[in-house]
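Undergrad:
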Amino acid sequence: MNFEIDALFIEDAVRSSELAQRLVARLNSKVPVSYVMDGRQAARPLPVDDAFVAGKRRLVVMNRRSRFLSPCPAAGAGLACCGYLVLVLASNCPMNCSYCFLQEYVADNPGLQIYANYAQAFEELERLLRTNSARHFRIGTGELADSLAFDRVTGLSVDLVEFFRRHERLTLELKTKTDEIDNLLRMDPLGRVLVSWTLSPSRVYRSSEHGTAAPQARIDAACRVREAGYRVGFHLDPIIAYPQAETEYRELLSMLFDALAPGEISFLSVGGLRMTPGLRAIARRRFPNDPMLVGEEVLSPDGRYRACYPMRLRLYRSLAAHIQAKAPGLTHYLCMETPAVVARALGTAPPSPAVLGERLATA
Amino acid sequence: MPKQVADSTHEMAGPVPATFQQGDCGRAALAPVADGCENGADHEAAIRRYAVQRRLPERSVEAWLKLGAEGARMLLELSVALKLRTGQLAAVIELVAEIALREGTTAVSVLKRGEITSIAKGVGSAPERASKLLNVLRILRYPELNRALAKLQSAVEALRLPRSVTVGLPKDLSSGQLSIEIRAGSLAELDEAVRALREASARFSEIFDSLEGADEL
Ligand code: SF4
Chain A
7 MNFEIDALFI EDAVRSSELA QRLVARLNSK VPVSYVMDGR QAARPLPVDD AFVAGKRRLV
67 VMNRRSRFLS PCPAAGAGLA CCGYLVLVLA SNCPMNCSYC FLQEYVADNP GLQIYANYAQ
127 AFEELERLLR TNSARHFRIG TGELADSLAF DRVTGLSVDL VEFFRRHERL TLELKTKTDE
187 IDNLLRMDPL GRVLVSWTLS PSRVYRSSEH GTAAPQARID AACRVREAGY RVGFHLDPII
247 AYPQAETEYR ELLSMLFDAL APGEISFLSV GGLRMTPGLR AIARRRFPND PMLVGEEVLS
307 PDGRYRACYP MRLRLYRSLA AHIQAKAPGL THYLCMETPA VVARALGTAP PSPAVLGERL
367 ATA
Chain B
13 MPKQVADSTH EMAGPVPATF QQGDCGRAAL APVADGCENG ADHEAAIRRY AVQRRLPERS
73 VEAWLKLGAE GARMLLELSV ALKLRTGQLA AVIELVAEIA LREGTTAVSV LKRGEITSIA
133 KGVGSAPERA SKLLNVLRIL RYPELNRALA KLQSAVEALR LPRSVTVGLP KDLSSGQLSI
193 EIRAGSLAEL DEAVRALREA SARFSEIFDS LEGADEL
């Protein structure tokens with residue numbers, strides 16, 4: 007997948023960094039390169055109609071000023087949590103999903119930032135291991151960005167795999183909607199790297215996931231990395247409760263289980279579409295013709311629009327039953343729902359974050 | 013019967029159905045249509061004039077014009093006929109657009125539905141019919157939610173609880189929690205309410221199942 011870039015900005019402080027040099031060498035030579043004092047300024051929105059999309063085409067290499075490692079936002083928000091830790095190595099993504107929360111989250115700084123001082127992230131991880139001597143952690147880089155979208159030019163996965171393969175109690179999760187796996191295929195992760203794909207039925211892919219790899223291409227890529235020694239996981243997130251959803255998500259799961267035996271899949275997460283009122287307004291303005299954005303969502307007690315409760319629960323239960331029937335034993339959990347909803351949907355209370363986190367990290 | 017506007021021959025001769033022409037406000041806006049000038053620019057001008065009279069926000073006007081010339085014209089006629097207030101008009105525009113998008117159809121085919129034309133041509137005061145229109149559009153826009161809501165409401169009624177007990181469904185069925193309110197002025201009244209609730213407990217479990225999307229009550 008080749009994502010087009012209009013301009014590359016490099017913060018003066020990281021001019022000689024390896025990452026900046028790699029990008030200059032690997033990006034198309036027609037992409038103009040500018041050196042700036044403060045990358046944050048280059049990441050600000052341009053005064054154009056769709057500043058968010060314009061930001062997706064402006065790559066900014068800079069230092070990250072805050073911590074790289076943080077708990078997943080579900081932790082502390084009263085939601086069932088899987089103990090996932092987020093490593094922010096980049097912000098924004100070249101793809102353009104209509105439901106993407108980044109539309110609101112990075113609206114004020116949509117430039118595609120990649121942090122050159124990521125060696126600090128490794129230090130934070132080592133500190134985490136030193137202060138938690140027994141636990142196993144699952145660390146993901148796909149929270150504010152797609153983990154692999156620019157891997158062809160950044161080569162970040164090479165450094166990441168190299169680091170994680172040396173740390174037995176850490177599992178790296180690279181989360182993507184691309185099939186950018188060439189770098190991964192050249193390395194042996196020693197079982198410590200998990201690559202996960204978000205999957206959606208074709209109808210959702212066509213209407214809402216612009217610029218991403220097709221669902222079948224994602225599954226094919228998963229099979230290939232699996233053969234190369236990576237663990238694989240899948241996220242059915244967001245699940246959108248459109249009229250044909252129940253059938254089409256089941257078909258999607260069947261397509262997945264045709265390609266990979268359940269025992270070859272580390273886990274499957276499921277999460278319903280949720281949008282803050284602000285995100286919903288932005289998404290509808292940017293994608294006025296996407297039927298997936300006009301579902302039967304209502305304002306939920308947590309202040310987010312979600313499919314109304316009966317529809318949501320029915321969909322969760324139907325998918326859980328399907329997974330149980332087709333892939334008994336496959337670890338499956340609900341994401342971004344309260345423990346009460348998880349218990350009602352799956353019939354058992356969610357495990358504690360530490361327990362589920364450990365299970366997912368080692369699955 | 014709705015008041016028929018038969019006092020203006022040129023309006024009667026135009027494409028706007030007579031039954032739609034009850035209102036005074038908006039007649040001026042409809043003039044180009046009534047005069048037989050049906051090109052898109054005239055429709056747009058008519059809608060814009062009407063929108064100005066109604067102080068309709070620009071965002072709603074844009075959404076209205078995106079319904080296509082025929083759909084936008086039909087909605088103008090409907091608004092004039094039902095004397096939609098500004099907020100109602102904005103809501104109707106949004107609902108019609110969203111229903112069309114959800115169903116992969118056009119605003120025209122939404123507005124030609126029997127449920128809607130019968131309101132446009134039906135009896136009752138304009139405000140009554142306006143509120144009926146909004147209800148029908150909301151049902152079309154949120155069909156599953158409304159189906160579930162109707163089922164739950166009748167299940168709650170079937171509990172036949174004393175008047176001192178009120179069972180509240182979650183707003184817009186956004187959660188799985190019922191609220192139960194008991195009004196009691198004495199211990200005896202409280203006991204009676206609690207006993208009635210206990211007796212109804214098996215049927216409550218069916219209500220919870222339904223709230224969780226089980227198909228049958
Ligand atoms: S791939 Fe993920 S991060 Fe990128 S636009 Fe889509 S939802 Fe957002």
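In order, the protein sequence lines correspond to chains A and B.
Each residue of the first sequence is one higher than the one before, starting from 7 at the first, in our numbering.
Each residue of the second sequence is one higher than the one before, starting from 13 at the first, in our numbering.
Note that CB positions come from ideal geometry on N, CA and C, so glycine has one too.
Just so you know, these numbers come straight off a predicted model, no measurement behind them.
Mind checking if residue 224 of chain B is an interface residue toward chain A, Cβ cutoff 8 Å exclusive?
TA: Chain A contact via Cβ: present.
Undergrad: Output, in sequence order along the chain, the residues in the stretch 308-337 of chain A whose CB is closer than 8 Å to any CB in chain E.
TA: Reference to chain E is not applicable here, since the protein chains of this structure are A and B.
Undergrad: So does residue 108 of chain A have its beta carbon nearer than 7 Å to some heavy atom of the ligand SF4?
TA: Checking every heavy atom of the ligand SF4 against the Cβ of residue 108 of chain A, one is found closer than 7 Å.
Undergrad: Between the alpha carbons of residue 44 of chain B and residue 121 of chain B, how many angstroms are there, rounded?
TA: Reliability of the predicted coordinates at residue 44 of chain B is poor, the pLDDT of 44 falling under 50, and the value obtained from them is presented with this limitation in mind. Computed Cα separation, rounded: 24 Å.
Undergrad: Any idea if residue 210 of chain B is buried or exposed, counting beta-carbon neighbours within 10 angstroms, 16 or more meaning buried?
TA: Exposed, because fewer than 16 other Cβ atoms sit within 10 Å of the Cβ of residue 210 of chain B.
Undergrad: DSSP state of residue 42 of chain A, grouped into three classes?
TA: Looking at residue 42 of chain A - three-state DSSP - the assignment turns out to be strand.
Undergrad: At a threshold of 7 Å, does residue 282 of chain A count as lining the ligand SF4 (C-beta to nearest heavy atom)?
TA: Flag unset: Cβ of residue 282 of chain A not near the ligand SF4.
Undergrad: Would you say residue 103 of chain A touches the ligand SF4, meaning its beta carbon is less than 7 Å from a heavy atom?
TA: Result yes, Cβ under 7 Å from the ligand SF4.
Undergrad: Just the C-alpha distance for residue 141 of chain A and residue 80 of chain A, rounded to the nearest angstrom, thanks.
TA: Roughly 20 Å between the two C-alpha positions.
Undergrad: Run the CB neighbour count on residue 106 of chain A, radius 10 Å, all protein chains shown included, and call it buried at 16 or more, exposed below.
TA: Buried, because 16 or more other Cβ atoms sit within 10 Å of the Cβ of residue 106 of chain A.
Undergrad: Restricting to Cα atoms, I'd like to know which of A:129, A:204 and A:168 is closest to residue 149 of chain A.
TA: Here the closest residue by C-alpha is A:204.
Undergrad: Along the stretch 96-130 of chain B, where does the CB come closer than 9 Å to a CB of chain A? Name the residues.
TA: So the list reads 109, 110, 111, 113, 114, 115 and 116, given in the order they occur along the chain.
Undergrad: By Cβ distance, which residues of its chain are closer than 7 Å to residue 342 of chain A, with the 5 residues on each side in sequence left out?
TA: Hits under 7 Å: 80, 85, 277 and 280.
Undergrad: Going along chain A in order, which residues have a C-beta closer than 8 Å to the C-beta of residue 184 of chain B?
TA: Simply 304, 305 and 314.
Undergrad: Does DSSP classify residue 241 of chain A as helix, strand or coil?
TA: Strand at residue 241 of chain A.
Undergrad: Anything in the stretch 345-364 of chain A with a Cβ closer than 9 Å to a Cβ of chain B? List those residues in chain order, please.
TA: Within the stretch 345-364 of chain A, the qualifying residues are 346, 347, 350 and 351.
Undergrad: Considering only the beta carbon of each residue, do residue 317 of chain A and residue 225 of chain B sit closer than 8 Å?
TA: Yes.
Undergrad: Report the start-end ranges of each beta strand (DSSP E) in the stretch 161-246 of chain A that is 3 residues or longer and not cut off at the edges.
TA: Within the stretch 161-246 of chain A, the complete beta strand (DSSP E) runs of at least 3 residues are 176-182, 199-204 and 237-245.
Undergrad: On a Cα-Cα basis, can you pick out the residue from A:234, A:258 and A:295 that is closest to residue 373 of chain A?
TA: Since the first and last residues shown for chain A are 7 and 369, residue 373 of chain A lies out of range.
Undergrad: What residue range does the alpha helix (DSSP H) around residue 111 of chain A cover?
TA: 108-111 is the extent of the alpha helix (DSSP H) around residue 111 of chain A.
Undergrad: Since residue 286 of chain B meets chain A, which of its residues come closer than 9 Å, beta carbon to beta carbon?
TA: There is simply no residue 286 of chain B to check, as chain B begins at 13 and stops at 229 in what is shown.
Undergrad: Using a cut-off of 8 Å between C-beta atoms, extract the partners of residue 187 of chain B located in chain A.
TA: Simply 306, 307 and 315.
Undergrad: Mind listing which residues of the stretch 258-277 of chain A have their C-beta closer than 9 Å to chain B's C-betas, in chain order?
TA: Answer set for the stretch 258-277 of chain A: empty.
Undergrad: Is it the case that the Cβ atoms of residue 306 of chain A and residue 187 of chain B are separated by a distance below 8 Å?
TA: Result yes, Cβ atoms of residue 306 of chain A and residue 187 of chain B sit closer than 8 Å.
Undergrad: Alpha carbon to alpha carbon, how far is residue 73 of chain B from residue 40 of chain B? Give it in angstroms, no decimals.
TA: Because the pLDDT of residue 40 of chain B is 48, which lies under 50, any placement of that residue in the model is unreliable, and the question is left without a value.
Undergrad: Is DSSP giving residue 278 of chain A helix, strand or coil here?
TA: Strand.
Undergrad: Hey, how far is the Cα of residue 45 of chain A from the Cα of residue 21 of chain A?
TA: Computed Cα separation, rounded: 11 Å.
Undergrad: When the cut-off is 8 Å and only beta carbons count, does residue 300 of chain A lie next to chain B?
TA: Yes, residue 300 of chain A counts as interfacial toward chain B.
Undergrad: By the 10 Å Cβ neighbour count, where 16 or more other Cβ atoms means buried, how is residue 15 of chain A classified, buried or exposed?
TA: Label assigned to residue 15 of chain A: buried.
Undergrad: Just the Cα atoms here: how many angstroms apart are residue 291 of chain A and residue 160 of chain B?
TA: Rounded to whole angstroms, residue 291 of chain A to residue 160 of chain B spans 29 Å at the Cα level.
Undergrad: DSSP three-state call for residue 338 of chain A: helix, strand or coil?
TA: Residue state, collapsed to three classes: strand.
Undergrad: What are the start and end residues of the beta strand (DSSP E) that includes residue 313 of chain A?
TA: Segment 311-313, the beta strand (DSSP E) holding residue 313 of chain A.
Undergrad: Cβ of residue 157 of chain B less than 8 Å from any chain A Cβ?
TA: By this cut-off, residue 157 of chain B is an interface position.
Undergrad: Taking 7 Å as the cut-off, is the beta-carbon of residue 183 of chain A closer than that to any non-hydrogen atom of the ligand SF4?
TA: Answer for residue 183 of chain A: yes, Cβ within range of the ligand SF4.
Undergrad: Provide the residue(s) that pair with residue 121 of chain A in DSSP beta bridges, ordered along the chain.
TA: Note: residue 121 of chain A sits in a beta bridge opposite A:68.
Undergrad: Taking three-plus beta-carbon pairs below 8 Å as touching, is the stretch 194-203 of chain B in contact with the stretch 346-355 of chain A?
TA: In short, these stretches do not touch, since the Cβ pair count stays below three.
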